[in-house]
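Counting with mature numbering (1 follows the signal peptide of the UniProt record, and there is no 0), you get residues -18 to -1, 1 to 390 for the letters of the sequence shown. For glycine and all other residues, C-beta sits at the position ideal for the given N, C-alpha and C.
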Amino acid sequence: MKKFLAVLSTLVMVGSLASCGGTSSSSDNGTGANTNSNTESKTDAKPADDSSSKTDDSSSSSGGKTVGIAMPTKSLERWNRDGEYLKAQFEEAGYKVELKYSDNDTNQQNNDIQGMIADKVDLLLIAAIDGNTLSQTLADAKDAGISVIAYDRLIMNTDAVSYYVSFDNYTVGKLQGEYVIDALDLKNSDGPFNIEFTAGDPADNNAGYFFNGAYDALKEYIDAGKLKIPSGKTKFEQVATDSWSTDKALENMQNTLASYYTSTQLDVALCSNDSTALGVAQAISSDYSGKNTPIVTGQDGDIANLKNIVDGKQSMTVYKNVNDEAAATLEVSKAILSGQTPDAGLVSSLSAEATYDTESYNNGVKVVPSYLLVPYVITKDKLDVLVDTGLYKWDSDNKYLESTAKTT
């Protein structure tokens, strides 16, 4: 695929990677009632600013249309950021916004989306809890003439999804693997080094891409014996973590350490995202008796993990700038809502580097046209890069980063 460099737009954020959240069953079995963890926000479009010199008035161009946004949960930091940035950018463009979080409950998310369909929203943006559970609901959306954008996670087994906006998820894992290659100097050293994998939620279509990207990057060194996996867990299904749960990742790593590392050195804990890395790092701190500090990877740039990077408990995170993801989603949405057909030409209007992919993301019914942003690696010496995005700031002691997002 050709990569296209973006031109300037109204945002100044740099592009990158995230994410993740998972499925779990909730005590709210989908009644549609709002709770603290399943919030709904409805807003009216902002009035036009008469003092603006812009020729493209955002309110008039939006036509007072309403966008329904369905997020998985407020329990993971990144989804709070996504919801906030999407809502802010669509409102700034003059759209009405209906935003819901579904408490990681698939029944609740279906009910939330059905509610938006009943409210006659003009467009649906959906970050699916489980991409395999929305087919009937999206069939109803299609019947109602409502276009659907799969946000960050591909929605499976439906022809109702028009576009997919995300990051290059395979590259996320590849960057993690390449970091390990460089950190251990695997091209020049004989090893062997010991590595264990912690992958994400099987219900999240992205999780397999993350794992495969990392494993494929490291496979030649595993095959050559430079990297060994004492647990023998080499398949995604063996190392998957339901709901991207920190507690489950902690428990799994504790079990792995007890079974295989009582007298063996662990060199690498390759974790697909930050919530799992948090649990793995905790297990290493409490249960690992080795004298070395294992490499721990992550993804998302969560505040607790950035603190661990400063403290030496995590080595890196692959960062996805979700503000850029929101901006890209806005541009695709504008085109759809104005009756256009988004294509590769739209990439040049984005505020971050991206590719347009019409081959890679088959949801079982159709290949979904995809806009994929580019992630990048953050280490301790690159934390100022995050500050430069405007989405983070240094704390009062200038030691740890804080989020500038209102919801985190």
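- Message: Taking only three categories from DSSP, how would you classify residue 384?
- Response: Three-state DSSP puts residue 384 in a strand.
- Answer with buried or exposed for residue 240, where buried requires no fewer than 16 other C-beta atoms within 10 angstroms of its C-beta. Exposed, because fewer than 16 other Cβ atoms sit within 10 Å of the Cβ of residue 240.
- Message: Just to confirm the assignment: which complete beta strand (DSSP E) runs, minimum length 3, are found wholly within the segment 165 to 232?
- Response: Runs of the beta strand (DSSP E) inside the segment 165 to 232: 175 to 180.
- Task: Given a cut-off of 8 Å, decide if residue 131 and residue 315 are closer than it, judged by their beta-carbon atoms.
- Result: Against a cut-off of 8 Å, the Cβ pair of residue 131 and residue 315 comes out as a contact.
- Heavy atom of the ligand MN less than 7 Å from the Cβ of residue 249, yes or no? Absence of the ligand MN from the depicted structure is noted, as is the absence of any ligand whatsoever, leaving it without description.
- Would you tell me roughly how many angstroms separate the C-alpha atoms of residue 370 and residue 267, rounded to the nearest one? Rounded to the nearest whole angstrom, the CA to CA distance from residue 370 to residue 267 is 31 Å.
- Item | Nearest candidate by alpha-carbon position, reference residue 244, set 261, 269, 220, 260 | The residue with the shortest Cα to Cα distance from residue 244 is 269.
- Message: Can you list, in chain order, the residues of its chain with a C-beta nearer than 6 Å to that of residue 251? Leave out the 5 residues immediately preceding and following it.
- Response: 178, 262, 276, 278, listed in sequence order.
- Item | residue 350 versus 225, 99, 138, residue with shortest Cα-Cα distance | For the options 225, 99, 138, the alpha carbon positioned closest to that of residue 350 is the one of 138.
- Taking residue 359 as part of the alpha helix (DSSP H), name the residues at either end of that continuous run. Careful: residue 359 lies outside any alpha helix (DSSP H), inside the beta strand (DSSP E) at 358 to 360.
- Bridge partner(s) assigned by DSSP for residue 252: DSSP lists 179 as partners of residue 252.
- Query: Is residue 329 helix, strand or coil when you go by DSSP?
  - Reply: Assigned with DSSP and collapsed to three states, residue 329 falls in helix.
- Query: Are residue 382 and residue 288 close, meaning C-beta to C-beta below 8 Å?
  - Reply: For residue 382 and residue 288, yes; Cβs fall inside 8 Å.
- Query: How many Å lie between residue 386 and residue 180 at the Cα?
  - Reply: C-alpha separation (whole angstroms): 29 Å.
- Beta-carbon separation of residue 48 and residue 77 under 8 Å? Yes, Cβ-Cβ distance for residue 48 and residue 77 is below 8 Å.
- Message: Could you give the first and the last residue of the continuous alpha helix (DSSP H) run that contains residue 51?
- Response: Counting along the chain, residue 51 falls outside any alpha helix (DSSP H), though it belongs to the beta strand (DSSP E) covering 48 to 53.
- Just to confirm, are residue 106 and residue 50 a CB contact at a threshold of 8 Å? The answer is yes: Cβ separation under 8 Å.
- 7 Å Cβ shell around residue 194 - same chain, five flanking residues per side excluded: For residue 194, where only same-chain residues beyond five positions count, the Cβ hits under 7 Å are 152, 155.
- Could you tell me whether the Cβ atoms of residue 307 and residue 134 are closer together than 8 Å? Their beta carbons are under 8 Å apart, which means residue 307 touches residue 134 by this criterion.
- Task: Could you tell me if residue 65 is buried or exposed, where buried requires 16 or more neighbouring beta carbons within 10 angstroms of its beta carbon?
- Result: For residue 65, the number of other beta carbons within 10 angstroms of its own is at least 16, and it is reported as buried.
- Contacting residues, own chain, Cβ-Cβ under 6 Å from residue 295 (five flanking each side not counted): Its chain contains 263 as the residues whose beta carbon lies nearer than 6 Å to that of residue 295, once the 5 sequence neighbours on both sides are disregarded; these appear in chain order.
- Touch check for the segment 158 to 170 and the segment 140 to 147: three-plus C-beta pairs under 8 Å? Counting Cβ pairs under 8 Å, fewer than three are found: no touch.
- Item | Cβ-Cβ separation, residue 176 to residue 246 (assumed contact under 8 Å), whole Å | Contact flag correct, Cβ pair sits at about 6 Å.
- Message: Out of 190, 375, 348, which one is the CA nearest neighbour of residue 220?
- Response: Selected option, being the one with the closest Cα: 190.
- Message: Just verifying my parser: in three-state terms, what is the DSSP assignment at residue 239?
- Response: Reduced to three states, the DSSP call for residue 239 is helix.
- Going straight from the alpha carbon of residue 83 to that of residue 362, what length do you get? Distance between the alpha carbons of residue 83 and residue 362: 32 Å.
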